[in-house]
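Enquirer: Just so we're aligned: 87 in our numbering is position 85 of the sequence shown, and the numbers increase by one with no gaps anywhere.
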Amino acid sequence: MSKVVVISGIAQGMGREVSLMLASQGYTICGFDIEKKHLDSLTDELNKRNTKHHLEVISITESEKILKFKDAVLKKFGSVDTVVSNVGIGFFGPFEEVNLVKALQCFDINVIGCARLLQAFLPSMREKRSGKIVVMSSLVGQVPFPFESIYSATKFAIEGMVSSFRYEVSPFGIQVAMIQPAQVSTNFAAKAQQLPEKNSPYYDRCVRFINRDNELIKKATNPQQAAEKIVKVITAKKPKLFNQVDFMSTFFLGLNRFLPQRLKDKILLDHMNINV
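1) Would you say the beta carbon of Y169 is closer than 7 Å to some non-hydrogen atom of the ligand HEM?
2) Return the Cβ separation of T30 and K50 in integer angstroms, given the expectation that the two are a contact with Cβ distance under 8 Å.
3) With burial defined as no fewer than 16 other Cβ atoms inside 10 Å of the residue's Cβ, what is the status of Y204: buried or exposed?
4) What are the start and end residues of each continuous alpha helix (DSSP H) run of 4 or more residues lying completely inside the region 164-218, in chain order?
5) Once you ignore the five residues that flank K1 on each side, which residues in its own chain have a CB closer than 6 Å to its CB?
6) Go ahead and pull the three-state DSSP assignment for V85.
7) Give the range of the alpha helix (DSSP H) segment to which E64 is assigned.
8) Can you give me the C-alpha to C-alpha distance between E37 and R18, rounded to a whole angstrom?
9) Out of curiosity, what's the CA-to-CA distance linking L76 and F211?
10) Could you tell me which whole alpha helix (DSSP H) segments of length 4 or greater appear in the region 85-152?
11) May I have the straight-line CA-CA distance separating E47 from K5, to the nearest angstrom?
12) Does the Cβ-Cβ distance between F149 and C208 come in under 8 Å?
13) Under 8 Å between the Cβ atoms of P183 and A228?
14) Report yes if the C-beta distance between M180 and N112 is below 8 Å; otherwise report no.
15) Would you check if there are 3 or more beta carbon pairs closer than 8 Å linking the region 81-89 to the region 116-126?
16) Residue range of the alpha helix (DSSP H) that V8 falls in?
17) Just the Cα atoms here: how many angstroms apart are Q185 and D215?
18) Can you look up L261 in the DSSP assignment and give me helix, strand or coil?
19) Within 10 angstroms of the Cβ of G175, are there 16 or more other Cβ atoms? Answer buried if so, exposed if not.
20) What residue range does the beta strand (DSSP E) around G15 cover?
21) With a CB to CB cut of under 7 Å and the five nearest residues on each side skipped, what residues in its chain are close to N258?
22) Can you list, in chain order, the residues of its chain whose CB lies under 7 Å from that of L124, leaving out five sequence neighbours each side?
23) Grouping DSSP H, G and I as helix and E and B as strand, with all else coil, what is L41?
24) Give the single residue among I60, I12, F147, I160 whose Cα lies nearest to the Cα of M274.
25) Are there 16 or more other CB atoms within 10 angstroms of the CB of V103, so buried, or fewer, so exposed?
26) CA-CA distance, I152 and F97?
27) Tell me the DSSP bridge mates of I290?
28) What is the residue span of the alpha helix (DSSP H) that I236 lies within?
29) From H40 to C32, what distance separates their C-alpha atoms?
30) In this structure, what does DSSP give as the bridge partners for N49?
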């Protein structure tokens, strides 16, 4: 019997690549996204492969629609084996100048959005006494980068939330894993990179940070390479709680465990070319 996976943010990037790789392994693919054009093209690809699927245009902020989506998936396929929380937006800027209304929107999408998805499907997994939850976190969920205070805060929140509730769900046979990429060569970072005004006291360092970030993205893991590692986590019998998909995240998380704070700070600031 085909395993059923649900993926939020499925239409592009890593979500799309993961869905296609799992489709090639016989999975039934379910998911949603706000990008109808890309969702339609994914539907076409899945149809060509004769893959069972259920895709809808939904925003991660639409609680009622997510619950209706859950009902439709369970009615159609009976149960869900894996849920992948993949939706997230970036947020860049000096903390002093952050628009807190927009910051709240970022928390709603990155943290509460993840919670909406997982709360929708957890009851059926608990009743079935099996399932797997895979959540996209980030390197900055443990190693905060300058000018990414709000984004880092959402990923710290994700890691705290997931690390906490895994104790609650594990007695019901539900496994939990997080993915911690540093950078993947998509347009994710570019969407968030907005410079402050030129008269901002942070302007020069923000420019240097973005220039360095753009250099690193050119050499970063591509979505297909990242997806291959994510699929290994999804299909593992006993996945680890924390999983990296690139060298940079493995490197910095390793440093974070063992080095004194002053040395970690110097390495990070030098790496991003923003030492004063």
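We put the beta carbon where it would ideally sit given N, CA and C, even for glycine.
Expert: In short:
1) For the ligand HEM, the structure offers nothing, since it holds no ligand at all.
2) Taking the first residue of the sequence shown as 1, we reach residue 30 at position 28. Taking the first residue of the sequence shown as 1, we reach residue 50 at position 48. Not confirmed; about 16 Å, so no contact.
3) Here residue 204 is taken as the residue at index 202 of the sequence shown, counted from 1. In summary, Y204 is buried, with 16 or more beta-carbon neighbours lying within 10 Å of its beta-carbon over all protein chains present.
4) If only uninterrupted alpha helix (DSSP H) runs of at least 4 residues are considered, those enclosed by the region 164-218 are 190-194.
5) Residue 1 cannot be examined here, being either before or after the span of the chain that is shown, 3 to 278.
6) If you number the sequence shown from 1, residue 85 lands on position 83. Reduced to three states, the DSSP call for V85 is strand.
7) Position 62 of the sequence shown holds residue 64. Taken as a continuous stretch (DSSP letters only), E64 belongs to no alpha helix (DSSP H), as it is neither H nor E.
8) Taking the sequence shown and counting its residues from 1, the one referred to as residue 37 is at position 35. Taking the sequence shown and counting its residues from 1, the one referred to as residue 18 is at position 16. Those two C-alpha atoms are separated by around 12 Å.
9) Taking the first residue of the sequence shown as position 1, residue 76 is located at position 74. Taking the first residue of the sequence shown as position 1, residue 211 is located at position 209. Taking the straight line joining both Cα atoms gives about 45 Å.
10) Restricted to the region 85-152, the alpha helix (DSSP H) segments that are unbroken, complete and at least 4 residues in length are 102-109, 115-130, listed in chain order.
11) For this step, residue 47 is matched to residue 45 along the sequence shown. For this step, residue 5 is matched to residue 3 along the sequence shown. One C-alpha to the other measures close to 19 Å.
12) Looking up residue 149 in the sequence shown gives position 147. Looking up residue 208 in the sequence shown gives position 206. Annotated as proximal: F149 and C208, with beta-carbon spacing under 8 Å.
13) Along the sequence shown, read from residue 1 onward, the residue named residue 183 stands at position 181. Along the sequence shown, read from residue 1 onward, the residue named residue 228 stands at position 226. In this structure, A228 lies closer than 8 Å to P183 by Cβ.
14) Counted from its first residue, the sequence shown places residue 180 at position 178. Counted from its first residue, the sequence shown places residue 112 at position 110. Not closer than 8 Å, so no.
15) yes
16) Within the sequence shown, numbered from 1, the residue matching residue 8 stands at position 6. Looking at the DSSP string, V8 is not in any alpha helix (DSSP H); the run it does join, the beta strand (DSSP E), is 6-10.
17) To locate residue 185, count along the sequence shown from 1; it is residue 183. To locate residue 215, count along the sequence shown from 1; it is residue 213. Answer to the nearest angstrom: the Cα atoms are 9 Å apart.
18) Stepping through the sequence shown from its first residue, residue 261 is reached at position 259. DSSP places L261 in coil when its eight states are reduced to three.
19) Numbered from its first residue, the sequence shown carries residue 175 at position 173. G175 is exposed by the Cβ-count criterion.
20) Reading the sequence shown from its first residue, position 13 is the one you call residue 15. No beta strand (DSSP E) contains G15, which is instead part of the alpha helix (DSSP H) from 15-26.
21) Locating residue 258 in the sequence shown gives position 256, where the first residue counts as 1. Taken in chain order, the residues that qualify are Q144, V145, K266.
22) Against the sequence shown, residue 124 aligns to sequence position 122. Contacts found: V171.
23) For the purposes of this step, residue 41 is taken as residue 39 along the sequence shown, with counting starting at 1. In the structure shown, L41 sits in a helix (DSSP, three-state: H, G or I).
24) For the purposes of this step, residue 274 is taken as residue 272 along the sequence shown, with counting starting at 1. Here the closest residue by C-alpha is F147.
25) The residue labelled residue 103 in the question sits at position 101 within the sequence shown. So V103 counts as exposed.
26) Along the sequence shown, read from residue 1 onward, the residue named residue 152 stands at position 150. Along the sequence shown, read from residue 1 onward, the residue named residue 97 stands at position 95. Each residue's Cα considered, the two are about 8 Å apart.
27) The structure shown has nothing for residue 290, since the chain only spans 3 to 278.
28) The residue given as residue 236 occupies position 234 in the sequence shown. I236 -> alpha helix (DSSP H) spans 225-237.
29) Here residue 40 corresponds to residue number 38 of the sequence shown, with the count starting at 1. Here residue 32 corresponds to residue number 30 of the sequence shown, with the count starting at 1. Cα to Cα, the separation comes out at about 15 Å.
30) Here residue 49 refers to the residue found at position 47 when the sequence shown is read from its first residue. Its beta-bridge partners do not exist; DSSP assigns none.
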